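Please read the structure below before turning to the comments.
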Amino acid sequence: MQPATATRPPAVAGMFYPGDATSLRDDLATCLATAAPAPTLGAAPPGLLKAIIVPHAGYVYSGATAGQAYALLAPLAARIRRVVLLGPCHRVAVRGLAAPTVQAFATPLGSIALDRAALDALSDLPQVIASDAAHAEEHSLEVQLPFLQTVLGKFQLVPLAVGQTGAREVAQVIDRLWGGPETLIVISSDLSHFHGYAEARKIDGATAEHILALEQLTSFEQACGALPINGLLAVAKQRGLSIERVAQCNSGDTAGDKSRVVGYASFTLYEPETGTADIGPALLARARNAIAAQFKQPARAEPDHPALARPGATFVTLTQNGALRGCIGSLEAHRPLDQDVRASAVAAAFRDPRFPPLTAEELARTRVEVSLLTAPQSMSFTDEADALRQLRPNVDGVIFSAGQRRSTFLPQVWEQLPEPRQFMAHLKQKAGLPADYWSSDVQLQRYEVQKWKEVPIP
72 MQPATATRPP AVAGMFYPGD ATSLRDDLAT CLATAAPAPT LGAAPPGLLK AIIVPHAGYV
132 YSGATAGQAY ALLAPLAARI RRVVLLGPCH RVAVRGLAAP TVQAFATPLG SIALDRAALD
192 ALSDLPQVIA SDAAHAEEHS LEVQLPFLQT VLGKFQLVPL AVGQTGAREV AQVIDRLWGG
252 PETLIVISSD LSHFHGYAEA RKIDGATAEH ILALEQLTSF EQACGALPIN GLLAVAKQRG
312 LSIERVAQCN SGDTAGDKSR VVGYASFTLY EPETGTADIG PALLARARNA IAAQFKQPAR
372 AEPDHPALAR PGATFVTLTQ NGALRGCIGS LEAHRPLDQD VRASAVAAAF RDPRFPPLTA
432 EELARTRVEV SLLTAPQSMS FTDEADALRQ LRPNVDGVIF SAGQRRSTFL PQVWEQLPEP
492 RQFMAHLKQK AGLPADYWSS DVQLQRYEVQ KWKEVPIP
């Protein structure tokens with residue numbers, strides 16, 4: 072999928088929600104103000120709020136139900152920098168999941184930049200297709216955007232319209248985009264459609280119980296967004312998330328006729344908060360043992376840590392007397408952290424093309440450092456000067472991409488290259504390009520790291 076320059080304009084402003092910014096803000100304030108006080112939703116949150124399921128009818132019908140979930144995001148605005156938004160296709164038949172090619176989505180409140188790097192990185196998945204037509208008039212995603220703009224402020228968007236596909240295929244996409252604490256997953260779906268009030272309450276109550284048990288839905292009669300819901304529930308079950316119901320009603324409770332109603336509910340899903348501040352010794356031991364095992368040397372004790380079972384991305388850096396001896400790793404979490412750090416260590420020791428393979432004699436005088444990466448975030452910039460202004464020395468690791476060329480520097484490289492222009496020039500050279508290269512096809516992502524280094528070898 073090649074990025075375009077266009078912006079998708081709002082399609083249902085003035086129908087599902089007000090078309091002018093002032094009235095829209097007033098309606099949003101009303102919807103968000105209906106949120107129940109935190110104590111009524113439970114005591115302390117059971118973990119990191121990672122995903123929500125919210126309805127997508129007109130605000131007069133389901134806005135208050137959605138607003139109760141969105142209000143919980145407002146305190147998290149500083150943390151959430153990317154939103155992965157999935158909803159069902161209503162207007163265009165699609166086989167798979169449809170990704171747009173535009174650069175931004177607009178609402179009366181302004182434009183939201185798309186995370187083009189994340190969308191383009193999905194092009195290797197056969198279930199993901201490029202289709203602006205699927206998004207052009209789709210309301211299931213659009214109605215969520217003003218809420219997100221209001222509670223989060225600035226963020227990048229990954230919008231996907233879900234058509235005919237399987238829950239496993241949706242789960243694969245969600246898992247690929249999962250990221251870290253900076254990424255929020257939003258699933259847009261209503262519940263049952265056009266039953267009488269009492270029957271709808273019965274059907275929707277049973278559907279909600281399935282969702283709360285993280286059980287797969289079996290019919291679109293339960294929820295028009297059954298496929299994206301099922302994809303999220305599959306990943307949630309695999310990753311050990313917990314779930315809470317925030318609100319539930321139907322159109323007969325809000326602004327509709329009770330003889331023919333549509334059901335709505337909102338849910339929040341929480342990721343277990345497994346801190347990584349104290350994981351350093353466990354990672355360092357595993358990295359050294361993975362290298363030692365290649366020489367059939369005895370292993371050191373490996374401290375356990377619950378985060379080791381979760382997906383993680385690491386770089387392992389080897390030094391001797393302060394000089395680099397190897398550095399290789401993963402830029403994205405695609406396997407358990409335990410496996411990733413071991414694989415990165417072996418690659419740094421034996422497969423870094425800049426150095427000969429490490430020898431058994433060298434291992435004793437080789438110092439191991441492990442860097443644990445956050446999920447990369449795409450940068451938006453107008454030109455190289457703008458990109459350089461945004462870089463944060465000693466904080467940002469940077470991924471440079473231009474066509475088939477790609478390179479990265481960990482934040483530690485700022486110690487040798489403290490000036491942004493110099494840092495960028497060397498990064499381009501590492502990708503095999505001239506130091507003064509720049510083009511419209513340049514894409515930049517940045518990430519942060521936690522790092523741990525073995526004590527100096529006497």
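Each residue of the sequence shown is one higher than the one before, counting from 72 in the working numbering. Don't be surprised by glycine CBs; every beta carbon is placed ideally from N, CA and C. Note that the structure is predicted; figures quoted are calculated from it, not measured.
CA-CA distance, residue 245 to residue 303, rounds to 7 angstroms. Residue 156 and residue 228 have their C-alpha atoms spaced approximately 7 angstroms apart. In this structure, the beta-carbon distance from residue 473 to residue 442 does not fall below 9 angstroms. Less than 9 angstroms separates the beta-carbon of residue 469 from that of residue 480.
The Cβ-Cβ distance between residue 275 and residue 263 falls below 9 angstroms.
Closest by C-alpha distance to residue 181, out of 336, 326, 261 and 79, is 79. Going by DSSP, residue 158 is part of the beta strand (DSSP E) stretching over 153-159. One alpha carbon belongs to residue 419, the other to residue 425, and they sit about 10 angstroms apart. Between residue 213 and residue 394 a beta carbon distance of about 55 angstroms is seen, past the 8 angstroms cut, so the two are scored as non-contacting.
Around the beta carbon of residue 342, 16 or more other beta carbons lie within 10 angstroms, which makes this residue buried.
Per the DSSP secondary-structure output, residue 175 pairs in a beta bridge with 78 and 184. Runs of the alpha helix (DSSP H) lying entirely within the segment 363-394 and spanning at least 4 residues: none are present. When rounded, the separation of the alpha-carbon atoms in residue 277 and residue 149 is 36 angstroms. In the structure shown, residue 264 falls within a strand segment according to DSSP collapsed to helix, strand and coil. With respect to residue 190, residue 233 sits apart: the two C-beta atoms are not nearer than 9 angstroms. Nearest neighbour of residue 261 by Cα position, chosen from 125, 404, 504 and 513, turns out to be 125. The beta carbon of residue 166 sits closer than 8 angstroms to those of 200, 234, 235 and 236, all from its chain and outside the five residues before and after it, given in chain order. Sixteen is the threshold: since fewer than 16 other Cβ atoms of the shown chains lie within 10 Å of the Cβ of residue 392, the residue is exposed.
With a 10 Å radius around the Cβ and a threshold of 16 neighbouring Cβ atoms, residue 158 comes out buried.
Boundaries of the alpha helix (DSSP H) around residue 211: 210-213. For residue 335, the uninterrupted beta strand (DSSP E) run begins and ends at 332-342, by DSSP. The way I'd put it, the segment 95-104 does touch the segment 128-145; three or more beta-carbon pairs between them come closer than 8 angstroms. Only exposed fits residue 370, as fewer than 16 other CB atoms lie within 10 angstroms of its CB. In the DSSP secondary-structure assignment, residue 240 is not bridged to any residue.
Under the three-state reduction of DSSP output, residue 436 falls in the coil class, being neither helix nor strand. In the DSSP assignment, residue 468 forms a beta bridge with 518. Per DSSP, reduced to three states, the secondary structure at residue 105 is coil, with no helix or strand assignment. Rounded to the nearest whole angstrom, the CA to CA distance from residue 172 to residue 449 is 16 angstroms. In the pairwise beta carbon analysis, the segment 304-319 is classified as not touching the segment 485-497: fewer than three pairs are separated by under 8 angstroms. By the Cβ neighbour-count rule, residue 411 is buried, with 16 or more other Cβ atoms within 10 Å of its own. With 16 or more other CB atoms across the displayed protein chains lying within 10 angstroms of its CB, residue 322 is buried. Comparing alpha carbon positions, the residue from 217, 513 and 117 closest to residue 154 is 217. Per DSSP, residue 227 lies in no alpha helix (DSSP H); the unbroken beta strand (DSSP E) holding it starts and ends at 227-233.
Bridge partners of residue 319 according to DSSP: 336. In the three-state DSSP reduction, residue 445 falls in the coil class, being neither helix nor strand. CA-CA distance, residue 496 to residue 382, rounds to 32 angstroms.
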